[in-house]
Structure formats: C-alpha cells, structure tokens
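Numbering (the working numbering), first residue to last: 4 to 752.
A virtual CB, placed ideally from N, CA and C, is assigned to each residue, including glycine.
From a predicted model like this one, the values you see are computed outputs, not experimental measurements.
Take a look at the structure set out below.
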Amino acid sequence: MPKEDKVAAMLREDLADTRTMWVKAAGGDTAEARHRVESDFLADVNHEGERLDFHSLRHTCGAWLAKAGAHPKAVQTVMRHSSITLTMDTYGHLFPGQEAETVARFPDMIEAGGERADGKESAHGLHQILHLPETPTGHGMSSHANEEDGVIHREGSPKSSGDSGLCHPLSPNVSNGRRRIRTSEGVRQQIYSLPPLATWVSALREPRIVAKRPAASNPPIHGLASACPGHILPAMTQLAVSIMVDALDSAHAQAAVAAERGADLVEYRIDTFTDRPDEVAKLVTSSPLPCIVTCRPSWEGGHHEGNDADRLALFAAACEAGATYIDVELVAYEREPAWRGLAERYAPHTGLILSSHDFEQRPADLYRRVEKMVAANVCRVIKLAWMARSLRDNLQAMELIAAQHKPTIALCMGKAGQPSRVLAKKFGALLTFAGLDDEAVTAPGQVGVATLKGRYRWDAQQPSTAVYGVIGWPVAHSMSPAIHNAGFDAVGHDGVHLPMPIPPEYEHFKATVGAWLESKPLNFRGASVTLPHKENLIRFVDEAGGEVEPLARTIGAANTLTVRDDGALYASNTDHAGALDALCNKMRIGREGLKDKTVGVIGAGGAARAIVAGLAHYGAAVTIYNRTAERARRLAGSFDAEIETAPLAALASSKCAVYINCTPIGMHPEVNQTPMPELPASLGEQAVVFDTIYNPAETLLLREARAAGATTLSGGAMFVGQAAAQFELWTGEPAPLSVFEGVMRQRLG
C-alpha cells in the first residue's frame with residue numbers, strides 16, 4: 004500500500020473512533036444518533052496526493068453539548084470562546100489549540116457574562132454518557148513530532164495543571180501514545196482534533212473547581228487559535244470591527260469601544276497610517292483585541308499608494324508583534340514571491356488571509372480565484388468580496404462559505420449584499436466585518452457592531468435560523484427588521500428579519516424570491532412586502548400554485564408572504580387588519596361596530612385600497628376623497644359595495660364620524676404639510692381622525708385635529724397591528740405588542 008494510503012487509513016480509523024465518542028455523547032449508540040452525528044461530523048477523507056482535506060467540526064460540539072442537556076448559556080459561552088482545532092503544518096509538526104486554556108478560564112467567562120450556570124442544572128443529562136480516555140491536564144498540552152527517514156513520530160505529553168482536577172480527553176490523533184505515521188516528503192496534512200468535550204462536561208458539572216491561570220499568562224481568547232498554523236477554524240463565527248487607523252491612541256480607543264460592544268477582534272486598516280514599521284508594531288502590541296492588519300492598495304479599492312516593498316516591511320512588523328492575521332491581496336501574492344516567504348516565516352502565530360475584491364460586479368473568474376487560494380498552502384483563510392448585483396449574489400457567497408475549502412470570508416458589498424454580512428454566522432464563515440457604528444464603516448453594506456448584535460440577533464443565529472425579510476424598493480428606511488427581530492427575541496423564535504431591496508419589475512421579484520425559496524440552507528420562511536411589490540406578490544404566489552387570501556385578492560395587493568411547514572406559499576394582506584383593529588380599539592368597538600359608520604378615506608392608493616376593502620367588508624359607509632376623481636371612481640368600482648367618491652375640496656363641508664388619511668402628505672421630512680388644509684366645521688369630540696403615517700408619530704393633521712377636539716390616532720398603531728398579524732402567521736405565537744410599541748417609540752424618538 005502506498006505511504007499516502009496508509010496515512011489515509013490511519014486517519015479514517017481515528018475518525019471512526021471519534022465518531023463513536025460523539026454517538027455516546029448524543030445519548031446512546033442508536034441508529035438515529037449515528038445518522039445525526041455522521042451528518043454533522045467528518046465523513047470523508049479526500050486524498051488528492053498533496054493534501055488530506057476534511058470537513059469542519061465547527062458546530063458539532065455545541066450541538067451535542069446542548070443535546071446532552073448542558074445549560075444553554077454555558078454552551079453558548081463555551082462555543083463563543085473556544086478553538087476546536089489541532090493542525091499540522093507542512094513539516095508534520097503538530098501544534099495544540101487552546102481548548103484546555105479556554106476550559107481553565109471557563110468559570111471567569113461565565114461569571115463575567117452574567118451567565119454562570121448552576122452546577123447541578125448544567126450537569127443534567129450529562130452523567131455517565133461519556134466513556135473517554137482521560138489524561139490530567141490544565142493549561143494545555145505540549146506536542147511535538149520527530150522525523151526519521153521519512154517517518155513522523157507524534158507524541159502528546161500533558162503539562163502539569165496544578166490541582167485543577169480536570170481531565171482533558173485528547174484526540175485519537177494525539178492521545179494514543181507514540182503513533183508512527185509514514186509520509187513521503189511534501190505530503191500536506193490537516194488533522195482536526197475531537198473538541199475537548201469531556202473537559203467541558205467536567206467544567207459544566209463543577210464550574211468552581213477549575214484552576215485559574217495566572218493573569219500574566221492569560222491573554223484574551225476569542226475563538227481564534229492564533230497560535231496554530233495551518234487551517235485555523237473558530238468554534239463560532241467571529242465578529243471583527245474594521246478601524247481606519249489615523250493615529251495610534253485613537254485606534255486603540257476605538258478598539259476598546261469595539262470590545263465593549265461585543266467584537267471578537269479588530270481589523271486595523273493602516274492604508275494611510277504610517278510608513279514606519281515600529282509604529283505598526285506598537286499598534287499591534289497594545290491592541291485591546293486580537294487583530295487583523297490590512298494595508299489595502301489603491302488598485303484594490305484601498306488608499307495605500309506605496310509599493311509591495313513598503314507594505315512588506317509594515318506587515319513584517321505586524322507579524323513580529325503578534326498580529327492574528329495579515330490580509331494580502333491574491334494579485335500581490337501571485338506577483339511578488341516575498342509575500343509567501345513572509346507568510347511562511349510567521350505561520351506559527353500569524354495567519355495569512357488571501358483576499359480578492361471587486362467593487363463593480365461579481366468577478367467572472369470567481370471560482371478560479373478560489374482555486375488559487377485553496378492551492379496556496381500558506382494561505383490560511385480565503386476572503387472574497389464583490390459588489391452584489393442583486394440579492395441572489397448572497398446565495399453564491401453563502402455557498403462558498405459552506406464549501407469549506409478552507410476557513411472562508413465571503414462578503415457581498417452594497418445594500419443588496421448586506422445579507423451576506425448579517426447571515427455570516429448562520430453559514431459558518433470564519434468572520435464578518437462590522438463598523439464601530441452605522442456611520443463608521445469601511446465598506447459599502449457594512450453595519451455597526453451594535454446593530455449587527457442587537458437588531459440582527461447575531462448571538463442567537465445558528466444554521467437552523469429561519470430567514471425573513473421586508474421586500475421593497477427602496478426599503479432601507481423600513482422599521483420591520485427592528486420590530487420583528489425584537490419580537491423574535493421576546494418569544495424565543497429562531498429567526499432573523501432582513502431588508503430585501505428588489506427593483507420594481509416583476510422579473511426581479513420572481514427571480515430573487517424564487518432563488519431564496521429554493522435555497523434549503525437559507526431556510527427562507529416569509530416576508531413583509533411593501534411598495535412597489537404588493538401586486539407582484541399575488542402574481543408570484545398564483546404562478547407558484549400557492550394560496551391567496553380572498554380579501555387580499557379582492558384588494559388586489561398582498562403585504563405578507565408566508566412559507567408553510569410543507570413548503571406551500573400563502574399570500575395575505577394584514578394592512579386592513581392592522582388599520583381596522585387600531586381604529587376599533589380606539590373607538591372601543593368590535594369590527595362589527597363599523598357597520599353604517601360614515602368614514603371619509605383620503606387618497607386612492609394602495610393603503611386606501613386595503614382599508615376601503617376592510618371597511619366595506621364590515622358594512623361601513625365609505626366616501627373616497629381624492630385629488631384625481633377618476634382614480635377614486637376606479638377604486639370605488641373595484642368593490643362589490645356602495646362606495647361614494649368626492650374631490651378633496653369637499654372635505655371642508657363633510658360630516659363623517661371617521662377620517663382616515665391614506666396619503667403620504669405630512670410624512671417625514673415634509674412634516675409641515677397636511678391633506679386637510681381646512682378642517683371640517685363639524686369636527687368635534689365625536690369624530691376620530693386617523694393618520695396612517697407613523698413618522699412623525701404626530702403629524703400636523705393630528706395636531707390640528709386634536710386642537711379642534713377630535714380623537715386622534717397615529718399610523719404607529721396600524722403599523723404595529725399589521726406587523727403583529729404577520730408575526731403570528733410566521734411564528735404561531737401571539738405578537739408581543741408592548742415590545743413592538745417600544746421599538747417604534749425608540750426608533751421615532
């Protein structure tokens with residue numbers, strides 16, 4: 004048998020042993036458990052002559068800890084702060100990760116985050132499920148390799164841990180004593196270890212007995228095994244804040260703020276910072292967080308005007324000072340061999356990110372660029388970024404991440420590319436970039452770190468997370484993501500709601516929504532739909548063989564897409580429900596109480612159509628007031644009811660019990676306008692004036708109506724009502740109305 008095949012056979016044996024351990028951790032040696040473990044774990048050894056390549060263990064540890072009954076907060080903390088890989092470099096030297104170090108700090112992490120798990124609760128379901136070989140350890144293990152005549156000998160020798168009392172189950176790759184693996188010169192190997200599950204179990208059982216490391220040797224651990232050369236893989240996707248460096252002190256101050264806001268590391272953009280290597284060294288040495296150092300040349304979208312020799316000196320200083328990663332363009336790496344030499348020299352502690360950027364479009368040779376990065380053995384991380392042509396580009400970025408050729412950063416730029424940034428954790432990217440705040444971003448489409456962690460539920464995302472969106476053009480102003488994501492938090496729904504800008508034409512709507520629905524990993528489960536796509540939604544669902552709510556068909560517009568559990572599509576309109584419920588609550592009547600109420604509807608657009616349909620359905624006496632008489636008549640004639648029409652000027656002499664403004668007149672920023680320059684003389688305490696505008700919270704129309712003695716109602720109540728109906732369709736849970744209202748008040752000041 005060739006030497007390479009012997010290596011593969013040994014590794015397959017190791018993987019089989021490790022898989023068995025995971026099955027036991029899952030709660031028993033059942034067929035179902037085996038299937039579930041194998042679907043998430045290393046299944047294949049792909050031997051291509053020059054390297055052995057395995058899939059990722061990334062989420063497996065957290066998944067099985069959770070299944071075993073560990074405290075959810077404890078699992079989340081362990082997953083956030085742990086590296087789970089052991090790698091072997093091109094010379095066959097094995098470098099341990101930071102698992103044991105992380106375990107030693109585990110109680111502090113729990114306590115610092117306010118997440119200390121009760122020992123008994125954490126141990127629930129964990130006793131007697133693991134039967135792993137255990138070796139005392141505490142702060143880590145030393146491991147080395149010797150090569151004699153082409154034979155690599157690997158040993159693992161635990162370091163003393165004092166009196167920690169913990170056991171560290173080593174990977175079969177390093178725990179079976181002295182193992183001999185024969186390799187021919189030049190064969191590259193990447194070996195993944197079993198995450199230290201038993202150690203974490205012990206820490207979860209008795210979190211107080213873990214010995215603390217001395218402060219001097221206790222550097223921040225953020226899930227990046229920066230001491231490991233080769234294929235670094237985080238336990239969880241990291242959050243990096245990009246900082247354009249102008250001065251040393253301000254950069255460190257911004258990095259400290261980034262740490263406070265929840266960043267795991269920072270990217271220092273030193274494009275225009277300095278030409279002095281010693282200043283770069285100071286930047287890295289005193290950094291409050293692990294760091295990526297980037298000096299982007301102008302020819303790749305950055306601001307640095309120097310040559311490769313200038314940048315090499317700066318990067319060498321960054322590596323010498325202990326930067327976690329350096330980011331070098333693929334073009335530069337291929338053009339100048341010195342970049343490879345630099346990366347190889349500092350590989351034990353600084354990883355090379357090979358990157359490629361296109362600020363105009365998706366590059367035609369995208370996959371060729373990926374192949375080049377994969378083939379570059381010194382490349383530790385693949386990074387690709389391009390300007391999104393549409394939301395569909397995000398799916399391609401997500402596919403690149405999921406392929407796991409190497410740890411990958413794949414980002415689409417621009418507003419249409421924002422999902423690739425927000426959903427990076429769901430798809431297992433190495434990291435995503437955020438700004439210090441929404442205004443301090445370094446790339447189009449970035450959002451602030453607080454927005455990413457708060458509004459877009461970064462910490463709660465996982466592969467199973469359902470994706471929802473608000474579809475419109477434009478859509479950046481919509482409050483739907485803030486409201487729905489807060490609601491998901493409140494009820495514990497595993498979902499995230501995003502802006503989805505889609506151009507007005509039906510072809511764009513059909514192609515984009517169709518592609519998102521077809522992506523099974525995306526798990527796209529529904530959308531709020533606003534202008535100009537409400538009619539497009541009905542057409543799309545009809546063509547897909549889905550169901551359209553009868554009233555939505557009568558209205559001719561739908562604002563909600565729901566993907567049912569069986570995959571069937573349902574289009575409905577919650578605008579009328581939100582408006583009617585808000586109005587009836589204000590008037591303290593049920594919907595049946597609207598019968599024969601005289602209602603003046605101002606406007607004849609989409610909002611008016613939905614509200615008139617609802618009012619007519621419940622028997623209200625409706626008059627449509629509109630600037631264009633013909634448009635009002637067309638709207639009135641589209642319903643099987645007696646609906647009157649009148650010009651706007653007739654409002655001054657009207658005598659309605661309810662007035663509803665369905666026009667945008669008075670909306671921010673034109674806040675000094677009103678659709679009723681002259682209020683009806685009959686307006687008084689018995690009348691209700693309802694403005695469907697919610698920004699500002701009190702329009703000029705409402706202020707004047709309130710001064711005249713009328714009861715007033717803002718569009719915020721309608722917005723909350725229609726959002727609540729959407730929320731219940733998607734989640735099956737009653738909407739947390741107080742949460743929705745609180746978000747609106749906060750957003751509107």
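State buried or exposed for D249, treating a residue as buried only when at least 16 other CB atoms are found within 10 Å of its CB.
Taking the first residue of the sequence shown as 1, we reach residue 249 at position 246. Its Cβ having fewer than 16 others within 10 Å, D249 is exposed.
Using 8 Å as the Cβ pair cut-off and three pairs as the minimum, do the segment 710 to 726 and the segment 450 to 469 touch?
No: the two stretches stay apart, fewer than three of their Cβ pairs being nearer than 8 Å.
Would you say L597 and Y628 are within 9 Å of each other, going by their C-beta atoms?
Mapped onto the sequence shown, residue 597 falls at position 594. Mapped onto the sequence shown, residue 628 falls at position 625. No, the Cβ-Cβ distance between L597 and Y628 is not below 9 Å.
Figure out for me which residue from N698, V615 and V551 has the closest Cα to the Cα of S717.
Against the sequence shown, residue 717 aligns to sequence position 714. Per the Cα distances, N698.
So, is R750 buried or exposed, given that buried needs 16 or more other C-beta atoms within 10 angstroms?
Against the sequence shown, residue 750 aligns to sequence position 747. Exposed: under 16 other Cβ atoms inside 10 Å.
Tell me whether Q689 is buried or exposed, calling it buried when 16 or more other Cβ atoms sit within 10 Å of its Cβ.
As a working note, residue 689 is residue 686 in the sequence shown. Exposed is the call here.
Could you check which residue in G669, P667, I668 and E647 has the C-alpha nearest to that of C659?
Position 656 of the sequence shown, counting from 1, holds the residue named residue 659. Out of G669, P667, I668 and E647, E647 has the C-alpha closest to the C-alpha of C659.
Can you tell me where the alpha helix (DSSP H) holding E283 begins and where it ends?
To locate residue 283, count along the sequence shown from 1; it is residue 280. Checking the sequence shown, residue 283 turns out to be Val, not Glu. Element bounds for V283: P280 to T288.
Taking the beta strand (DSSP E) that W476 belongs to, which residues open and close that run?
Taking the first residue of the sequence shown as 1, we reach residue 476 at position 473. Taken as a continuous stretch (DSSP letters only), W476 belongs to no beta strand (DSSP E), as it is neither H nor E.
CB of A727 to nearest heavy atom of the ligand SAM: below 8 Å?
Absence of the ligand SAM from the depicted structure is noted, as is the absence of any ligand whatsoever, leaving it without description.
Is it buried or exposed, N149, if we count other Cβ atoms within 10 angstroms and call 16 or more buried?
Along the sequence shown, one-based indexing puts residue 149 at 146. Note that N149 has pLDDT 33, beneath the 50 cutoff, so the model's placement of it is unreliable and no number is given.
Drop a sphere of 10 angstroms on the beta-carbon of N664, count the other beta-carbons inside from all chains shown, and report buried for 16 or more, exposed for fewer.
Translated into the one-based positions of the sequence shown, residue 664 becomes position 661. With 16 or more other Cβ atoms within 10 Å, it is buried.
CA-CA distance, E270 and V331?
If you number the sequence shown from 1, residue 270 lands on position 267. If you number the sequence shown from 1, residue 331 lands on position 328. The straight-line gap from Cα to Cα measures roughly 13 Å.
Counting only runs that start and end within the segment 240 to 304, where is the alpha helix (DSSP H) found for 4 or more residues in a row?
Whole alpha helix (DSSP H) segments, 4+ residues: 251 to 263 and 280 to 288.
Would you call the segment 537 to 549 in contact with the segment 582 to 595, where contact means no fewer than 3 C-beta pairs closer than 8 Å?
No, because fewer than three Cβ pairs between the segment 537 to 549 and the segment 582 to 595 fall closer than 8 Å, the two stretches do not touch.
Helix, strand or coil, according to DSSP, for P504 in the structure here?
The residue labelled residue 504 in the question sits at position 501 within the sequence shown. P504: strand per DSSP, three-state reduction.
Among residues of its own chain, excluding the 5 on either side of Q257, which ones have a beta-carbon nearer than 6 Å to its beta-carbon?
Taking the sequence shown and counting its residues from 1, the one referred to as residue 257 is at position 254. Same-chain partners within the cutoff: I246 and L439.
Excluding five sequence neighbours on each side, which residues of the same chain lie with their C-beta closer than 8 Å to the C-beta of R343?
Your numbering for residue 343 matches position 340 in the sequence shown. Contacts found: Y336, A379 and V381.
Ordered along the chain, which non-local residues of its own chain (more than five positions away) have a Cβ less than 6 Å from that of S359?
Your numbering for residue 359 matches position 356 in the sequence shown. Here the set comprises L333, R372 and L387.
Just to confirm the assignment: which complete alpha helix (DSSP H) runs, minimum length 4, are found wholly within the segment 317 to 346?
Correct list: 333 to 338.
Would you kindly check if the distance between the Cβ of H255 and the Cβ of S301 is under 9 Å?
The count along the sequence shown starts at 1 and reaches residue 301 at position 298. The count along the sequence shown starts at 1 and reaches residue 255 at position 252. It is not a contact, given that the beta carbons lie outside the stated cut-off.
Rounded to the nearest angstrom, how far is the Cβ of L501 from that of P484, given a contact under 8 Å?
Residue mapping note: residue 501 aligns to position 498 of the sequence shown, counting from 1. Residue mapping note: residue 484 aligns to position 481 of the sequence shown, counting from 1. Going by Cβ atoms, the distance from L501 to P484 rounds to 6 Å, so yes, they are a contact pair.
Cβ of I541 within 9 Å of Cβ of G529?
Taking the first residue of the sequence shown as 1, we reach residue 541 at position 538. Taking the first residue of the sequence shown as 1, we reach residue 529 at position 526. No, Cβ-Cβ distance for I541 and G529 is not below 9 Å.
On the three-state DSSP scale, how would you describe S741?
Residue 741 sits at position 738 when you count from the first residue of the sequence shown. In this structure, S741 counts as helix in the three-state DSSP scheme.
According to DSSP, is A607 part of a helix, a strand, or is it coil?
In the sequence shown, counting from the first residue as 1, residue 607 sits at position 604. Reduced to three states, the DSSP call for A607 is coil.
Reducing DSSP to helix, strand and coil, say where R348 ends up.
As a working note, residue 348 is residue 345 in the sequence shown. It is helical.
If you draw a straight line from the alpha carbon of L756 to that of K285, how long is it in whole angstroms?
A question about residue 756 goes unanswered here, because the residues of the chain that appear run from 4 up to 752.
For P739, which residues in the same chain have their Cβ closer than 6 Å to its Cβ, ignoring the five residues on either side in sequence?
Residue 739 sits at position 736 when you count from the first residue of the sequence shown. Around P739: G490 and A493.
When you compare only the Cα positions, how much space is there between R748 and H352?
Here residue 748 is taken as the residue at index 745 of the sequence shown, counted from 1. Here residue 352 is taken as the residue at index 349 of the sequence shown, counted from 1. Computed Cα separation, rounded: 48 Å.
For F276, collect the residues of the same chain with a Cβ closer than 6 Å to its Cβ; drop the 5 residues on either side in sequence, then sort them by chain order.
Position 273 of the sequence shown, counting from 1, holds the residue named residue 276. Same-chain partners within the cutoff: V248.
First and last residue of the alpha helix (DSSP H) that includes Y459?
The residue given as residue 459 occupies position 456 in the sequence shown. Per DSSP, Y459 belongs to no alpha helix (DSSP H) and is neither H nor E.
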